[in-house]
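Before any comments, here is the structure.
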Amino acid sequence: MSQSGCFHCGLPLPAKQSYIHEILGETRHFCCPGCQAVAKAISEAGLEDYYRHRTELPTRPADPLEALKQLQLYDAPQVQRSFVHVASDTLREASLMLEGITCAACVWLNERHVKALPGVQEFNVNYSTHRARLRWDDSQIHLSQVLAAITDIGYHAHPFDPGRQEAAYKRERNTALRRLVVAGLGTMQVMMLAVALWLGHDAPGQEHLMQVFRWVAMLVTLPVVFYSGLGFFTSAWRDLKKRQLGMDVPVALAIGSTFIASSWATVMGYSEHVYFESVCMFVFFLLTGRYLEMGARQRAGQATESLARLLPTIATRITPQGDEQVAVSELAIGDRLRVKPGEVVPADGKVESGQSSVDESLLSGESLPRRRGVGDALTGGTVNIESPLMMQVTRIGQDTVLSSIQRLLERAQNQRPRIARLAERGTGWFVLAVLLLAALAGGIWWFFIDPARAFWVVIAMLVVSCPCALALATPTAITASTGAMAKRGLLTTNGDALEALAQVTDVVFDKTGTLTRGQLSLVRVIPFAGQTQQQVLDWAAALEVASEHPMAKVFHQSQPKPADGLKAEPGRGVQGDIDGVSLRIGSPSFVGEHCGGCEQPIAKVRADYPAASLVALGSKQELLALFVLEDQLRSDSLATVQALQERGLKVHVFSGDASAAVGAVAQQVGVSQWQGGMSPSDKLAALQALQAQGAQVAMLGDGINDAPVLAAADVSIAMASGTQLAQASADMILYRNQLTEFTHGIARAQDTMHIIRQNIRWAIGYNGLAVPIAALGVITPWLAALGMSMSSLLVVANALRLKDDGDEPRNSATAPVIEEVH
Numbered sequence: 001m002s003q004s005g006c007f008h009c010g011l012p013l014p015a016k017q018s019y020i021h022e023i024l025g026e027t028r029h030f031c032c033p034g035c036q037a038v039a040k041a042i043s044e045a046g047l048e049d050y051y052r053h054r055t056e057l058p059t060r061p062a063d064p065l066e067a068l069k070q071l072q073l074y075d076a077p078q079v080q081r082s083f084v085h086v087a088s089d090t091l092r093e094a095s096l097m098l099e100g101i102t103c104a105a106c107v108w109l110n111e112r113h114v115k116a117l118p119g120v121q122e123f124n125v126n127y128s129t130h131r132a133r134l135r136w137d138d139s140q141i142h143l144s145q146v147l148a149a150i151t152d153i154g155y156h157a158h159p160f161d162p163g164r165q166e167a168a169y170k171r172e173r174n175t176a177l178r179r180l181v182v183a184g185l186g187t188m189q190v191m192m193l194a195v196a197l198w199l200g201h202d203a204p205g206q207e208h209l210m211q212v213f214r215w216v217a218m219l220v221t222l223p224v225v226f227y228s229g230l231g232f233f234t235s236a237w238r239d240l241k242k243r244q245l246g247m248d249v250p251v252a253l254a255i256g257s258t259f260i261a262s263s264w265a266t267v268m269g270y271s272e273h274v275y276f277e278s279v280c281m282f283v284f285f286l287l288t289g290r291y292l293e294m295g296a297r298q299r300a301g302q303a304t305e306s307l308a309r310l311l312p313t314i315a316t317r318i319t320p321q322g323d324e325q326v327a328v329s330e331l332a333i334g335d336r337l338r339v340k341p342g343e344v345v346p347a348d349g350k351v352e353s354g355q356s357s358v359d360e361s362l363l364s365g366e367s368l369p370r371r372r373g374v375g376d377a378l379t380g381g382t383v384n385i386e387s388p389l390m391m392q393v394t395r396i397g398q399d400t401v402l403s404s405i406q407r408l409l410e411r412a413q414n415q416r417p418r419i420a421r422l423a424e425r426g427t428g429w430f431v432l433a434v435l436l437l438a439a440l441a442g443g444i445w446w447f448f449i450d451p452a453r454a455f456w457v458v459i460a461m462l463v464v465s466c467p468c469a470l471a472l473a474t475p476t477a478i479t480a481s482t483g484a485m486a487k488r489g490l491l492t493t494n495g496d497a498l499e500a501l502a503q504v505t506d507v508v509f510d511k512t513g514t515l516t517r518g519q520l521s522l523v524r525v526i527p528f529a530g531q532t533q534q535q536v537l538d539w540a541a542a543l544e545v546a547s548e549h550p551m552a553k554v555f556h557q558s559q560p561k562p563a564d565g566l567k568a569e570p571g572r573g574v575q576g577d578i579d580g581v582s583l584r585i586g587s588p589s590f591v592g593e594h595c596g597g598c599e600q601p602i603a604k605v606r607a608d609y610p611a612a613s614l615v616a617l618g619s620k621q622e623l624l625a626l627f628v629l630e631d632q633l634r635s636d637s638l639a640t641v642q643a644l645q646e647r648g649l650k651v652h653v654f655s656g657d658a659s660a661a662v663g664a665v666a667q668q669v670g671v672s673q674w675q676g677g678m679s680p681s682d683k684l685a686a687l688q689a690l691q692a693q694g695a696q697v698a699m700l701g702d703g704i705n706d707a708p709v710l711a712a713a714d715v716s717i718a719m720a721s722g723t724q725l726a727q728a729s730a731d732m733i734l735y736r737n738q739l740t741e742f743t744h745g746i747a748r749a750q751d752t753m754h755i756i757r758q759n760i761r762w763a764i765g766y767n768g769l770a771v772p773i774a775a776l777g778v779i780t781p782w783l784a785a786l787g788m789s790m791s792s793l794l795v796v797a798n799a800l801r802l803k804d805d806g807d808e809p810r811n812s813a814t815a816p817v818i819e820e821v822h
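The numbering of the sequence shown is the UniProt record's numbering, which starts it at 1 and goes up by one.
As structure tokens, this is what we get:
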């Protein structure tokens, strides 16, 4: 038996037992019944091409009988409710995690196999994240049957688990890092040998030692090429099998041809044709760039997992026997829950008893807590602020508002337009032309000129046309530009964002936390009845000393003696006694019930500050003060909007805040196109409507409600003060919270695209001139390598012009003004 290992997984074959099956017209041997069953399932499904195209071996499958018993548990409704979305009576959707994916052939095999099952309407696997989106008709096929079908071909699928996702990311990072380390170490060692070869090339009597150095350099380069650079060759091979000439085809061609030529020269003793250091450096630099790209991609892939962490793991359920602590995954519709002050609402529901203020800013973008009483709706993931609430669960699992936002985000990410890199445009035709010209020149030299020089002419053409400069044209410019932008406070997490930013026609701002600071500030104190500023501020602090309401925290700057008999009414205010006088602080209506004659001054101040929040202070006899609280504009919001409009860009404001507040802010910054009271889906629909009209849209936001629209925008910018999810969904982050740097970023992006186009024109022009010269035999491989290096150096030098040569901007802020009105 010539086969030394299991045909499916590669493990050693057992000595006594034999498991066989015919695959691809030959009898194959397997190590266990599991591998035999998997191979049989693949063969009977007509998917034997998997074995032709796979590039890595899978792991040994689990015991089929034991796996089937475990998979049947996923059909239970109480299990499915935590991860399955019911789209209609029979239609179901779920996000799955696939284990065992090792190459693109694995993705092809799984998608073909599962889509062929009756009842499966959609099954797409993301090779980068190993996540699958499954949509099926439960009346025709059950989830356990789909999972069993995946198990039959040697893979393991289970409901998406952020913990397992992170483990998969970690394995991918470790593999990439190992390849990068091997390339780095190999490059250092080969460079030391190259220096010795350069210095000792013409030294008399040292030729034997120089030849030893060349052999050592070749051996050190072997793992760099065939381990570190393996990904380039597999990717190029996949492109060629699809009859495409992608960017990795010339990269693999450059690495392979240079290594083969250098190895041939070493074996044959041609000392002037050794370029192992060029091979190692090329692999190392390319792997470095791709490792950084992988990190950004994985951070973006983790965005949706952050939503699940908003919900608590434990909830307090009310039963006839008393309160009990249960897992949130065990909650059912109709359960009654107790939510204490400071706790996160564990599921969607409605208030049965109690009154409190609920912080919904993470979901709605509203900067102020909202009052919630009997019959009002509660959303999972929001925070109860003041008083205990008893609620009844109305939606759980995939039917909650939080889950719907997560699905919106996933859909927006999947529908996100892909902007092709400029460096890859026309690469296929370029590579094809070089190959044809090299073959033609080689044939002419072989048959008509000098057969001994034919091989080296072909190598010189391939080396001189190596797309190093073309490959470096885009990443070097992006690296220089993003580094300069980062110094100024605009961090770019996706290189493609620069191209989109340079073409932006419309800019959409969120209000709270973007155009405004996202925090309430006391901007004006209006005392009445002859009181002083300090007196009314002291009384307000004494009444609000124990309150955790965001409005109350504005008055916590001083530490007076607390008032007596403090009594809070959730969502309205606080009442207490100071020096025997009964005082109230809170909403104007709450204070107005306590004193007479308050309506007229309150109405006047409200007319002067239509977008502000008013806090009133009064006794039973009279109104003592009004406090004007505002979420103030950032100091640079107006200048930023004006600068964008001067560039000819259309500016919009989309916000979940009340329309009056949004309109007031839009008027202050000079924006005529604005919308308030928008849900996350409203924002997404409005942005897609702009894109449908041909607009290239940039979106700036900071909240979880902005995550779907950030993901759908052509280029998205998150504020550093915003949520982690918003930042993970964004292409750029303003980590200094300075909006003016966004306008600088647009100018820098346009400069970057100009430099990239220059680099590409130079790279193509250089190759167009050098290839014919090499074909004439004028350029040797050594000179070709030098020309290739000089071309790349010129591209890098041109890109370095994008480095920032100005001073970094300094932070500036304005303090709120406290005025007294008599």
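Idealized CB from N, CA, C, for every residue including glycine.
Every value quoted in this text rests on a predicted model; they were computed, and no experiment measured them.
I need the boundaries of the alpha helix (DSSP H) containing residue i, first residue and last residue.
{"i": "cysteine 771", "result": "Per the sequence presented here, residue 771 reads as valine, with cysteine not at that position. Counting along the chain, the alpha helix (DSSP H) containing valine 771 begins and ends at 740-775."}
{"i": "phenylalanine 590", "result": "588-592"}
{"i": "lysine 604", "result": "599-608"}
{"i": "leucine 222", "result": "207-223"}
{"i": "serine 43", "result": "33-44"}
{"i": "serine 637", "result": "637-646"}
Assign residue i to buried or exposed, taking buried as 16 or more other Cβ atoms, counted over all protein chains shown, within 10 Å of its Cβ.
{"i": "glutamine 575", "result": "buried"}
{"i": "phenylalanine 7", "result": "buried"}
{"i": "threonine 319", "result": "exposed"}
{"i": "alanine 149", "result": "buried"}
{"i": "threonine 90", "result": "exposed"}
{"i": "methionine 188", "result": "exposed"}
{"i": "serine 659", "result": "exposed"}
{"i": "threonine 400", "result": "buried"}
{"i": "serine 791", "result": "buried"}
{"i": "methionine 485", "result": "buried"}
{"i": "asparagine 759", "result": "buried"}
{"i": "glutamate 599", "result": "exposed"}
{"i": "glycine 373", "result": "exposed"}
{"i": "glutamate 646", "result": "exposed"}
Since residue i and residue j are thought to touch, with beta carbons under 8 Å apart, how far apart are those beta carbons, to the nearest angstrom?
{"i": "glycine 586", "j": "arginine 572", "result": "5 Å"}
{"i": "threonine 266", "j": "arginine 214", "result": "5 Å"}
{"i": "alanine 497", "j": "valine 715", "result": "5 Å"}
{"i": "glutamine 673", "j": "histidine 652", "result": "5 Å"}
{"i": "glutamine 533", "j": "valine 525", "result": "5 Å"}
{"i": "glutamine 675", "j": "phenylalanine 654", "result": "6 Å"}
{"i": "alanine 685", "j": "valine 697", "result": "Not quite, the Cβ-Cβ distance comes to about 13 Å (not below 8 Å), so this is no contact."}
Looking only at its own chain, which residues have a Cβ that is under 6 Å from the Cβ of residue i, when we skip the five neighbours before and after it?
{"i": "valine 344", "result": "Pro312, Val383"}
{"i": "alanine 194", "result": "Glu277"}
For residue i, which residues in the same chain have their Cβ closer than 7 Å to its Cβ, ignoring the five residues on either side in sequence?
{"i": "isoleucine 141", "result": "Leu117, Pro118, Gly119, Val120"}
{"i": "serine 637", "result": "Leu515, Val669, Leu739"}
{"i": "proline 33", "result": "Tyr19"}
{"i": "arginine 517", "result": "Asp631, Gln632, Arg634"}
Starting from residue i, trace the beta strand (DSSP E) in both directions and tell me its first and last residue.
{"i": "serine 613", "result": "613-619"}
{"i": "serine 357", "result": "356-359"}
{"i": "aspartate 631", "result": "623-633"}
{"i": "valine 507", "result": "506-509"}
{"i": "serine 353", "result": "348-353"}
Leaving out five residues on either side along the sequence, give the residues of the same chain with a beta carbon under 8 Å from the beta carbon of residue i.
{"i": "serine 387", "result": "Pro341, Gly354, Gln355, Ser356, Ala568, Pro570"}
{"i": "residue 823", "result": "Examination of residue 823 is not possible in this model, given that the chain is present from 1 through 822 alone."}
{"i": "glutamate 22", "result": "Arg28, Ser43"}
{"i": "leucine 583", "result": "Trp539, Leu543, Ala563, Gln575, Gly576, Asp577, Leu617, Gly618, Ser619, Leu624"}
Does the beta-carbon of residue i, which I'm using as the reference point, lie nearer than 6 Å to any heavy atom of the ligand FAD?
{"i": "alanine 502", "result": "The ligand FAD is absent from the structure shown, which contains no ligands of any kind."}
Say whether chain E places a C-beta atom closer than 7 Å to the C-beta of residue i.
{"i": "phenylalanine 528", "result": "Checking the listed chains, one finds no chain E in this structure; it contains a single protein chain."}
Runs of alpha helix (DSSP H) wholly within the segment 511-547 (minimum 4 residues, chain order): As far as the segment 511-547 is concerned, its whole alpha helix (DSSP H) runs of at least 4 residues are 533-544.
Could you name each continuous alpha helix (DSSP H) segment of 4 residues or more that falls completely within the segment 649-686, going from the start of the chain to the end? If we require 4 residues or more, the alpha helix (DSSP H) runs fully inside the segment 649-686 come out as 659-669.
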